[in-house]
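A short write-up of the structure that comes next.
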Amino acid sequence: MSTSDAEHELEDIAVRDTRVSDAIDEPMRAMILDILADETLTASDVHERLADRGIDRTENTVRHHINELRDAGLVDVVRFEEGRGGTTKYYGANTIVLSYSLPDSADSAVEEMIDAIQPQITDALTTLTDEYDDEIKDIVTDMQPCEHCRTQKYETYVLLSVLRRAFVRGHRE
Numbered sequence: 000m001s002t003s004d005a006e007h008e009l010e011d012i013a014v015r016d017t018r019v020s021d022a023i024d025e026p027m028r029a030m031i032l033d034i035l036a037d038e039t040l041t042a043s044d045v046h047e048r049l050a051d052r053g054i055d056r057t058e059n060t061v062r063h064h065i066n067e068l069r070d071a072g073l074v075d076v077v078r079f080e081e082g083r084g085g086t087t088k089y090y091g092a093n094t095i096v097l098s099y100s101l102p103d104s105a106d107s108a109v110e111e112m113i114d115a116i117q118p119q120i121t122d123a124l125t126t127l128t129d130e131y132d133d134e135i136k137d138i139v140t141d142m143q144p145c146e147h148c149r150t151q152k153y154e155t156y157v158l159l160s161v162l163r164r165a166f167v168r169g170h171r172e
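Take the sequence shown: its letter number 30 is residue 29 in numbering that gives the first Met the number 0, and every next letter is one higher.
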């Protein structure tokens, strides 16, 4: 290993959940998730919100995109209302998509925050791997599509998924 390789460190993990990526490849779907993250709405309401943002699509197209997001597990039907002529579905996002980049000027502040929280994260990871090792291994086994894929970072993905979801719950409280 050369000297420059020895100094290079892994700094971040970019998560690309294929189920999520495939569902939000259409930019309008990311907008729909953003809209449904704030409140539960009908497909008609979502259509109106998109129109307010300058997106001109038919209501059927919007309904199709909502169904695609629902099928990917990113949107839930949160309630039904019986009314004249049928049932109205209200949708809510259960996932948000963040597509941002931190500015270079944030590096020192981010490093300071990392230093402050890293001991607790290390403790949390130790707890997870010590107390849930069998469960993690079972999940990883279910994720592996073939024998030669054992070099993939499945365990890292499982642990990061747990931490992300715990972050969401903690952030809501």
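Glycine included, C-beta positions come from ideal geometry on N, C-alpha and C.
Asked                                                                                                                                                                        : Found
From the DSSP output, in three-state form, read off residue 55 for me.                                                                                                       : coil
Identify the continuous beta strand (DSSP E) that holds residue 90 and give its terminal residues.                                                                           : 85 to 92
In terms of residue numbering, what span does the beta strand (DSSP E) encompassing residue 38 cover?                                                                        : Here residue 38 belongs to no beta strand (DSSP E), and DSSP marks it neither H nor E.
Could you give the C-beta distance for residue 190 and residue 42, rounded to a whole number, given that I count them as a contact under 8 Å?                                : The requested residue 190 is not part of the displayed model; the chain covers only 0 to 172.
If you drop the 5 nearest sequence neighbours on each side, which residues of the same chain put their C-beta closer than 6 Å to that of residue 115?                        : none
What residue range does the beta strand (DSSP E) around residue 114 cover?                                                                                                   : Element bounds for residue 114: not the beta strand (DSSP E) but the alpha helix (DSSP H), 106 to 130.
Using three-state DSSP, classify residue 82 as helix, strand or coil.                                                                                                        : strand
Could you compute how far the alpha carbon of residue 78 sits from the alpha carbon of residue 85?                                                                           : 14 Å
Indicate whether the contact test is met: 3 or more Cβ pairs, each with one atom in the segment 44 to 54 and one in the segment 96 to 104, closer than 8 Å.                  : no
If you follow the alpha helix (DSSP H) that residue 154 is part of, which residue opens it and which one closes it?                                                          : 153 to 171
Leaving out the 5 sequence neighbours to the left and right, which residues in its chain are closer than 7 Å to residue 153 when beta-carbon positions are compared?         : 139, 142 and 143
Residue 21 lies in the alpha helix (DSSP H); which residues open and close that run?                                                                                         : 17 to 22
Is residue 176 buried or exposed, if buried means 16 or more other CB atoms sit within 10 Å of its CB?                                                                       : Only positions 0 to 172 of the chain appear in the structure, and residue 176 is not among them; the question remains open.
Rounded to the nearest angstrom, what separates residue 12 and residue 156 at their Cα positions?                                                                            : 9 Å
From residue 137 to residue 22, what distance separates their C-alpha atoms?                                                                                                 : 26 Å
Enumerate in chain order the residues of its own chain whose CB-to-CB distance from residue 18 is below 6 Å, with the five nearest sequence positions on each side excluded. : 71
Residue 95: beta carbon under 6 Å from a heavy atom of the ligand GDP?                                                                                                       : The ligand GDP is not among the ligands present in this structure, which contains no ligands whatsoever.
Check whether the Cβ atoms of residue 61 and residue 74 sit closer than 7 Å, and answer yes or no.                                                                           : no
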